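Taken in sequence, the protein lines are chains A and B. Note that this note's numbering has the first sequence beginning at 13, numbered continuously upward. Note that this note's numbering has the second sequence beginning at 2, numbered continuously upward. Report on the following structure.
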Amino acid sequence: QKEVEQNSGPLSVPEGAIASLNCTYSDRGSQSFFWYRQYSGKSPELIMSIYSNGDKEDGRFTAQLNKASQYVSLLIRDSQPSDSATYLCAVNPGTGNQFYFGTGTSLTVIP
Amino acid sequence: EAQVTQNPRYLITVTGKKLTVTCSQNMNHEYMSWYRQDPGLGLRQIYYSMNVEVTDKGDVPEGYKVSRKEKRNFPLILESPSPNQTSLYFCASRYDYEQYFGPGTRLTVT
Numbered sequence: 013q014k015e016v017e018q019n020s021g022p023l024s025v026p027e028g029a030i031a032s033l034n035c036t037y038s039d040r041g042s043q044s045f046f047w048y049r050q051y052s053g054k055s056p057e058l059i060m061s062i063y064s065n066g067d068k069e070d071g072r073f074t075a076q077l078n079k080a081s082q083y084v085s086l087l088i089r090d091s092q093p094s095d096s097a098t099y100l101c102a103v104n105p106g107t108g109n110q111f112y113f114g115t116g117t118s119l120t121v122i123p
Numbered sequence: 002e003a004q005v006t007q008n009p010r011y012l013i014t015v016t017g018k019k020l021t022v023t024c025s026q027n028m029n030h031e032y033m034s035w036y037r038q039d040p041g042l043g044l045r046q047i048y049y050s051m052n053v054e055v056t057d058k059g060d061v062p063e064g065y066k067v068s069r070k071e072k073r074n075f076p077l078i079l080e081s082p083s084p085n086q087t088s089l090y091f092c093a094s095r096y097d098y099e100q101y102f103g104p105g106t107r108l109t110v111t
């Protein structure tokens with residue numbers, strides 16, 4: 013079983029602060045990593061993908077990958093109330109078409 | 002508009018009554034998947050398809066069937082549903098490694 017672990021939260025941050033979400037994975041050979049945002053009652057929406065070590069920035073979002081330590085994180089700068097959602101980490105092992113998801117971290121941004 | 006559609010969105014049924022949840026995408030993607038989402042367990046992959054007539058099992062395939070006769074459609078079939086299949090189901094279409102999810106089907110089996 014390839015595991016993806018996330019702190020379930022809830023994580024609360026004030027508006028304008030940086031939210032930091034973390035994810036660890038068990039399969040050292042994993043190649044592709046994703047962050048999805050899921051609003052309550054809605055489907056997951058892809059917000060970031062990262063494939064190589066280091067940082068990848070897209071607007072207020074930064075994904076960080078450290079394959080040696082087997083963790084991937086998501087930073088949300090200048091957090092807004094509209095960022096309040098559950099954030100899912102997903103991993104593709106690179107050996108096929110299967111994807112493994114964490115159980116998600118619930119984020120609340122307090123106005 | 003690029004999208005993945007699922008039907009029905011909500012379904013309540015009884016144990017043993019065969020049902021099909023349809024999934025369709027208009028993005029011409031080759032890869033499609035089915036997931037179920039349960040509290041505390043997250044999203045788990047049921048089946049996936051790499052192209053027409055090519056399917057394979059995911060992590061939790063027991064009790065499910067799929068078919069891929071056309072590129073755009075990927076129905077999920079429960080031939081004899083049981084209460085432990087009560088869940089929220091998502092179909093996803095994939096380009097490269099990036100997945101796009103349908104709106105979900107909430108299934109209750111009594």
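Ideal placement from N, C-alpha and C gives every residue a C-beta, glycine not left out. Quantities reported herein were computed from a predicted structural model and do not represent experimental measurements.
DSSP three-state call for D95 of chain A: helix, strand or coil? Here DSSP, grouped into helix, strand and coil, assigns D95 of chain A to helix.
Apply the 10 Å Cβ neighbour rule to L42 of chain B and answer buried if 16 or more other Cβ atoms are within range, or exposed otherwise. The residue in question, L42 of chain B, is exposed, as its Cβ has fewer than 16 Cβ neighbours within 10 Å.
Decide if the segment 36–47 of chain A is in contact with the segment 80–91 of chain A; the criterion is three or more beta carbon pairs, one per stretch, under 8 Å apart. These segments touch.
Chain A contacts made by the segment 42–54 of chain B, where a contact means CB separation under 9 Å: Of all residues in the segment 42–54 of chain B, only L42, G43, L44, R45, Q46, Y49, S50, M51 come within less than 9 Å of chain A when Cβ atoms are compared, listed by chain position.
Residues of chain A with CB under 8 Å from E99 of chain B, in chain order? F46, L58, S61, listed in chain order.
Selection from B:D97, B:L20, B:V55, B:S25 that minimises the alpha carbon distance to L108 of chain B: Of the candidates B:D97, B:L20, B:V55, B:S25, the one whose C-alpha sits nearest the C-alpha of L108 of chain B is B:L20.
So which residues of chain B does S94 of chain A contact, with C-beta pairs closer than 7 Å? Chain B residues near S94 of chain A: none, gap ~19 Å exceeds 7 Å.
Grab the span of the beta strand (DSSP E) containing L44 of chain B for me, first residue to last. L44 of chain B -> beta strand (DSSP E) spans 43–52.
Can you pull the chain A neighbours of Y32 of chain B, defined as C-beta to C-beta under 8 Å? Below the 8 Å Cβ cutoff, chain A contributes N109 as neighbours of Y32 of chain B, in chain order.
Identify the contact partners of T115 of chain A in chain B, using a Cβ-Cβ distance below 8 Å as the criterion. Below the 8 Å Cβ cutoff, chain B contributes G41, L42, G43 as neighbours of T115 of chain A, in chain order.
With the cut-off set at 8 Å, would you say G105 of chain B and L89 of chain B are in Cβ contact? It is a contact, given that the beta carbons lie within the stated cut-off.
Could you tell me whether the segment 50–70 of chain A touches the segment 95–103 of chain A, using the rule of 3 or more Cβ pairs below 8 Å? They touch, by the three-pair rule.
For the beta strand (DSSP E) containing V25 of chain A, name the first residue and the last one. Segment 23–26, the beta strand (DSSP E) holding V25 of chain A.
Looking at R95 of chain B and S25 of chain B, is the spacing between their C-beta atoms short of 8 Å? Not a contact, by the Cβ cut-off of 8 Å.
Taking only the alpha-carbon atoms, compute the straight-line gap between S34 of chain B and A93 of chain B and give it to the nearest angstrom. The C-alpha of A93 of chain B is placed about 5 Å away from the C-alpha of S34 of chain B.
Any Cβ of chain A within less than 8 Å of the Cβ of F75 of chain B? At a cut-off of 8 Å between beta carbons, F75 of chain B makes no contact with chain A.
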